[in-house]
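Trainee: Here you go, one structure.
There are 2 protein chains.
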Amino acid sequence: MIAVDWGTSSARAYRLAPDGRLLERREGAGGILRVPEGGFPAALAAMVGDWLADGEAQVLLSGMVGSRQGWQEAPYLACPAGLDDLAGAVVPVPFEGAIVRLVPGLSAADPGGVPEVMRGEEVQVFGALGPGDADGLICLPGSHAKWARVADGRITGFSTHLTGEAFAALKDHTILGRMMTGTAAPGPAFEAGIARSAETGGLLHHLFGTRTLGLFGRLAPEDSASYLSGLLIGHEVAAAMTTPSLVRLLGSGPLMALYGRAIALKGGEAVAGDVDAAARGLALIGERTQWT
Amino acid sequence: MIAVDWGTSSARAYRLAPDGRLLERREGAGGILRVPEGGFPAALAAMVGDWLADGEAQVLLSGMVGSRQGWQEAPYLACPAGLDDLAGAVVPVPFEGAIVRLVPGLSAADPGGVPEVMRGEEVQVFGALGPGDADGLICLPGSHAKWARVADGRITGFSTHLTGEAFAALKDHTILGRMMTGTAAPGPAFEAGIARSAETGGLLHHLFGTRTLGLFGRLAPEDSASYLSGLLIGHEVAAAMTTPSLVRLLGSGPLMALYGRAIALKGGEAVAGDVDAAARGLALIGERTQWT
């Protein structure tokens, strides 16, 4: 089987053995935004055409490729949803030379009834669980960080946090950025921000403290971004990890260390998930998919 | 006595009768940022020189004019501080033709030990209290909204919230702004944001909901800024008004109605403070000042 995690700005293709083992991994030329109208069959052929020539016949796609802006829309499946539910809801797309199916995204409503959606992350979430694990808390850091909860083998709910984008907007477009040099990194200033996030006063008050601590010489310009990052990630983790838990972190780059430290300081335990969680998740769904 | 509330970007001068009654009010040409180095005596003379010619001899200044970037630095006085403390700490500045004194700003530490400062607002806070009132909660909405608590006639502490500036940065520099038209106004969308702010999930999650509600057609583009404003002001009021209280609101413009509604929805009662609270506060300090 061939699995493709095809998002807005990037694509990653995997060739899988019949037992799900990862045989080969490949970066695609770009995400769905790079594909011209009607160009998805050609883009897929360019990405994995040689694998198809080797006799592979089943292709499973996840991510924004199944959105209205993608190849074809695969309607959201409502939570709770497990691997069987996803496999039962795949959407066929016509393609010459292989059977191609789209995995739908998931929708959920938070306790306040506000909707949530994901496309592609649901596959990574299932791929990140340990063999035999039916329960877990998974975090995907990023501009829009997502937290998903799995119980009895189904994603029961998830929440998105504007943390990364808020950090950038506050750093680049408010008074807080005027006293900032450098980027956010783990260390004492980041941890001071995490500790601060647990105090009274609320996030909007804590944000202003970044400035006053700087004015009073208690926060150096080169530490200020780390402190701000600690404040925001600290508030996010406190809201998303309501009791100290094992958290599987999915992603790459500097955010992984920051989230790992924040989760530990809040009493949880962070473990890095498989970077190829999407491949594993798609393999698990592929096994359950009715291909003919 | 002549009183001048002289801030960073604006100045307002008041001519007061010996009993503190306001005789005349005048807008200055600009705040301290408009005054060239060494130009404060000339700027004061330009603003109130004709009043001085009428025989007025005592001038009391408050606000950023007492900062390092102002006429002369008047060191912060630590909270708790009352009218007598402020009057006892005024700083004389040399001026030909009148006795001129600067009212110091206040400093405080919040429960987490993070410093807070204000310059000028302390005068407005005392001016906003009703005659004989020794206790109160005062809110000054704005880019950096301030809440001050008065007990037994002294400001015991205050907190600043980045609410206004965060709103602008989120609206203009994140994905939330893409689906927004118009400005924040009172009404159902603002109130929905206030209600949402009381739910679980945290502010960073609530922010993202502005987008998903829009994507699902449950929040119109023209209502989106009001909803975002409700989220932010709701979080601020919940953190600052820890028990439902009478809140004296100081300021002007559209924020007054928004804060008033938010305070009411959180169970408090908002009353608009005197727009000339600075004049009244300076009169009360002037009465207590040793002028000779």
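One line per chain: the protein sequences are R and V, in this order. With my numbering as the guide, the letters of the first sequence map in order to residues 1 to 292. With my numbering as the guide, the letters of the second sequence map in order to residues 1001 to 1292. The beta carbon of each residue, even a glycine, is placed where N, CA and C say it ideally should be.
Assess contact between the stretch 1208–1218 of chain V and the stretch 1234–1245 of chain V, defined as three or more Cβ pairs (one per stretch) separated by less than 8 Å. Is contact present?
Mentor: In short, these stretches do not touch, since the Cβ pair count stays below three.
Trainee: In this structure, does DSSP put Thr289 (chain R) in helix, strand or coil?
Mentor: coil
Trainee: Tell me whether Glu122 (chain R) sits in a helix, a strand or coil according to DSSP, three-state version.
Mentor: helix
Trainee: Would the stretch 75–84 of chain R count as touching the stretch 152–167 of chain R if we require 3 or more Cβ pairs under 8 Å?
Mentor: yes
Trainee: Within the 8 Å Cβ cut-off, does Phe95 (chain R) reach chain V?
Mentor: no
Trainee: How about Leu60 (chain R) and Val103 (chain R): are their beta carbons less than 8 Å apart?
Mentor: yes
Trainee: Would you mind telling me which residues of chain V sit closer than 9 Å to Asp172 (chain R), beta carbon to beta carbon, in chain order?
Mentor: Ala1169 and His1173
Trainee: At a CB-CB cut-off below 7 Å, which residues of chain R make contact with Phe1190 (chain V)?
Mentor: Going along chain R, no residue has its Cβ under 7 Å from Phe1190 (chain V), so there is no contact; the nearest lies around 16 Å.
Trainee: Could you check which residue in R:Leu228, R:Gly201 and R:Arg25 has the C-alpha nearest to that of Gly187 (chain R)?
Mentor: R:Leu228
Trainee: Counting beta carbon pairs with one atom in the stretch 116–127 of chain R and one in the stretch 62–77 of chain R, are three or more of them shorter than 8 Å?
Mentor: yes
Trainee: Looking at the secondary structure, which residues open and close the alpha helix (DSSP H) in which Ala1046 (chain V) lies?
Mentor: Phe1040 to Ala1053
Trainee: Span of the beta strand (DSSP E) holding Arg178 (chain R)?
Mentor: No beta strand (DSSP E) contains Arg178 (chain R), which DSSP labels as neither H nor E.
Trainee: Using the Cα positions of Leu329 (chain R) and Gln58 (chain R), report the straight-line distance between them to the nearest angstrom.
Mentor: The displayed coordinates of chain R run from 1 to 292. Any statement about residue 329 (chain R) would go beyond what the structure contains.
Trainee: When you compare the stretch 1172–1188 of chain V with the stretch 130–140 of chain R, are there three or more beta-carbon pairs, one atom per stretch, that lie closer than 8 Å?
Mentor: no
Trainee: For the beta strand (DSSP E) holding Val1237 (chain V), just list the boundary residues, first then last.
Mentor: Element bounds for Val1237 (chain V): not the beta strand (DSSP E) but the alpha helix (DSSP H), Pro1221 to Ala1240.
Trainee: Taking all protein chains shown into account, do 16 or more other C-beta atoms lie within 10 angstroms of the C-beta of Leu33 (chain R), making it buried, or fewer, making it exposed?
Mentor: Exposed, by the Cβ-count rule.
Trainee: Distance cutoff 8 Å, beta carbons only. Does Pro1141 (chain V) sit that close to anything in chain R?
Mentor: no
Trainee: Could you please give the first and the last residue of the uninterrupted beta strand (DSSP E) stretch that includes Gly161 (chain R)?
Mentor: It is His, not Gly, that sits at residue 161 (chain R) in the sequence shown. Arg154 to His161 is the extent of the beta strand (DSSP E) around His161 (chain R).
Trainee: Is the Cβ of Phe158 (chain R) closer than 8 Å to any Cβ of chain V?
Mentor: no
Trainee: Run down chain R in chain order and give the residues with a C-beta less than 9 Å from the C-beta of Phe1126 (chain V).
Mentor: Against chain R, a Cβ distance below 9 Å from Phe1126 (chain V) picks out nothing, because the smallest value is about 22 Å.
Trainee: So with Cβ pairs under 8 Å, would you call Glu319 (chain R) a contact of chain V?
Mentor: Missing from the structure shown is residue 319 (chain R); chain R here goes from 1 to 292 and no further.
Trainee: Could you compute how far the alpha carbon of His1173 (chain V) sits from the alpha carbon of Ala168 (chain R)?
Mentor: 9 Å
Trainee: I want to know whether the stretch 1005–1020 of chain V touches the stretch 241–257 of chain R - three or more CB-CB distances under 8 Å.
Mentor: Too few Cβ pairs lie closer than 8 Å, so no.
Trainee: Determine the direct distance from the alpha carbon of Ala151 (chain R) to that of Ser252 (chain R), and round the result to whole angstroms.
Mentor: 25 Å
Trainee: Since Lys1146 (chain V) sits in a beta bridge, which residues does DSSP pair it with?
Mentor: V:Leu1140 and V:Thr1160
Trainee: Evaluate Trp291 (chain R) with the Cβ neighbour count: other Cβ atoms within 10 Å of its Cβ, from every protein chain shown; 16 or more gives buried, anything less gives exposed.
Mentor: exposed
Trainee: Looking at chain R, is there any beta carbon in it that lies within less than 8 Å of the beta carbon of Ala1074 (chain V)?
Mentor: no
Trainee: Answer with yes or no whether the minimum CB distance from Leu1258 (chain V) to chain R is below 8 Å.
Mentor: no
Trainee: When you compare the CB of Thr212 (chain R) with every CB in chain V, is at least one pair closer than 8 Å?
Mentor: yes
Trainee: With DSSP run on the structure shown, which of helix, strand or coil describes Asp85 (chain R)?
Mentor: helix
Trainee: With C-beta atoms as the reference, is Ser197 (chain R) less than 8 Å away from Leu231 (chain R)?
Mentor: yes
Trainee: Assuming Ser1107 (chain V) contacts Ala1240 (chain V) (C-beta within less than 8 Å), just tell me the rounded distance between them.
Mentor: That belief does not hold up - the Cβ atoms of Ser1107 (chain V) and Ala1240 (chain V) are roughly 18 Å apart, past 8 Å.
Trainee: At the 8 Å Cβ level, is His1081 (chain V) part of the contact set with chain R, yes or no?
Mentor: Inspection of the sequence shows that residue 1081 (chain V) is occupied by Ala rather than by His. Output row for Ala1081 (chain V): interface = no.
Trainee: Give, in chain order, every residue of the stretch 221–241 of chain R whose Cβ lies closer than 8 Å to some Cβ of chain V.
Mentor: Residues Leu232, His235, Glu236, Ala238, Ala239 and Ala240.
Trainee: Go through its chain and collect everything with a Cβ distance to Val48 (chain R)'s Cβ below 6 Å, but skip five positions before and after it.
Mentor: Ile2 and Ala13
Trainee: Taking Arg1178 (chain V) as the query, report the chain R residues whose CB atoms sit under 9 Å from its CB, ordered along the chain.
Mentor: None at all; the shortest Cβ gap to chain R is about 12 Å.
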